[in-house]
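Asker: Please see the structure below; I have some questions.
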């Protein structure tokens, strides 16, 4: 059976859980607490040298890491990965943007506020500024369309919703972003996210 | 004709140039100086709301951004993107790792040293530490194999070589990394990089 190493509070890990659940895959979830150093142990690093969750281990011992690579692997051939090459490229554009320009600000600010207990004024201003810019970009994109790519839910929506829905825990106000708020509801319904 | 907006000093932009050259695509290169604010102009943001290079514009006006999404689009169907789903997933694992754990340390340190003229002791220690960890991970992977994925050059090698070959400009010593040095020569030859 498939084994998933993940921290249930991590949006990156939840992406994998949500997709596997949605697609009906059986798996064993090994809760892996990133704050306790569980991802830096010798055993863990032998499995995933990047020292990060999520990581999935197949029955034959092969390992795959990086949340967006994992959902890409399981999503291929399903409606959540467009068959059209252009739409698929746009989906990957959002996935790379998510890991470069969204997660490192919004997820990191949320981690510092909600998990390390930092106060608002202890968050690096650049993180806040870049996180706000990321949300403004999403708002502009979603004001004009229901889904980030094409006419239905794709992995782009799944990946972006993971930390956008908890952005307020990082101090980001979604009040001024009505298109994002409607889209979150839509994506949660589309993927059966509780 | 295809138009590429890029800064020729940027490894992310060079990935696109190298692949298009290798595959024999015709394109027009619009040199876009990130340091002059060219990527923040109204015209540029209308084309790529993420405000980043590289970005490619097709003859019909469609735009694609994010270096690894662009090379994925043009690489699909060529030998540089494995047809095997597992190898393709591992290739994307490296591509996402590159943008999350390699570029934000090694390219950023290089930018600060070589372009902003900062001294070694002005680079944030965390950047240096994380960059060294990224190189150590690559050295371990490449000690055991010639290419990052499978038996030949893929986009994983192309993407990772872009900033690894100029890592010394960011203060990272490749001396203790013989497997990386041999791999750089191999990848440059494999993709015809001068």
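Residue numbers (my numbering), protein chains in the order written: chain V, 1 to 194; chain H, 1001 to 1194. All C-beta atoms in this analysis are idealised placements derived from N, C-alpha and C, irrespective of residue type, glycine included. Fair warning: this is a prediction, and the values are worked out from it, not measured in the lab.
#1: Got a sec: is the Cβ-Cβ distance from residue 1072 of chain H to anything in chain V below 7 Å?
#2: Between which two residues does the beta strand (DSSP E) harbouring residue 1057 of chain H extend?
#3: With a cut-off of 7 Å, does the C-beta of residue 49 of chain V fall near any C-beta of chain H?
#4: Cβ of residue 1172 of chain H within 7 Å of Cβ of residue 1131 of chain H?
#5: Between which two residues does the beta strand (DSSP E) holding residue 1184 of chain H run?
#6: Per DSSP, what are the beta-bridge partners of residue 86 of chain V in this structure?
#7: List, in chain order, every chain H residue whose beta-carbon is nearer than 9 Å to that of residue 111 of chain V.
#8: Consider the C-beta atom of residue 1082 of chain H and the heavy atoms of the ligand ATP; say whether any pair is separated by less than 6 Å.
#9: Just curious, the alpha helix (DSSP H) that residue 65 of chain V is in, first and last residue?
#10: Where residue 1092 of chain H and residue 1158 of chain H are concerned, what is the direct C-alpha to C-alpha distance, given to the nearest angstrom?
#11: Can you list, in chain order, the residues of its chain whose CB lies under 7 Å from that of residue 1022 of chain H, leaving out five sequence neighbours each side?
#12: Per DSSP, which residues does residue 4 of chain V bridge with? Please list them.
#13: Report the residues of the segment 1131 to 1164 of chain H with a CB closer than 8 Å to any CB of chain V, ordered along the chain.
#14: Taking Cβ positions, are residue 1080 of chain H and residue 1164 of chain H nearer each other than 7 Å?
#15: Interface residues of chain H around residue 97 of chain V at Cβ under 8 Å?
#16: I'd like to know if the segment 1089 to 1103 of chain H and the segment 1039 to 1052 of chain H are in contact, where contact means that at least 3 CB-CB pairs between them fall below 8 Å.
#17: Could you tell me the boundaries of the alpha helix (DSSP H) in which residue 44 of chain V lies?
#18: Determine the closest residue to residue 103 of chain V out of V:29, V:71, V:127, with distance taken between C-alpha atoms.
#19: Using a Cβ cut-off of 8 Å, pull out every chain V residue sitting near residue 1083 of chain H, in sequence order please.
#20: What's the C-alpha gap between residue 177 of chain V and residue 125 of chain V?
#21: Between residue 27 of chain V and chain H, is any beta-carbon pair separated by less than 7 Å?
#22: Would you kindly check if the distance between the Cβ of residue 54 of chain V and the Cβ of residue 6 of chain V is under 7 Å?
Answerer: Taking the structure as given:
#1: yes
#2: 1055 to 1057
#3: yes
#4: yes
#5: Residue 1184 of chain H -> not in any beta strand (DSSP E); alpha helix (DSSP H) instead, spanning 1178 to 1191.
#6: Its beta-bridge partners do not exist; DSSP assigns none.
#7: Within 9 Å Cβ-Cβ: nothing; residue 111 of chain V doesn't reach chain H, min ~15 Å.
#8: Because no ligand of any kind appears in the structure shown, any question about the ligand ATP cannot be addressed here.
#9: Note, residue 65 of chain V: premise wrong, no alpha helix (DSSP H); beta strand (DSSP E) at 63 to 65.
#10: 12 Å
#11: 1191, 1192
#12: V:29, V:56
#13: 1137, 1140, 1141
#14: no
#15: 1050, 1065, 1066
#16: no
#17: 42 to 47
#18: V:127
#19: Result: empty, since nearest Cβ-Cβ is about 12 Å, beyond 8 Å.
#20: 20 Å
#21: no
#22: yes
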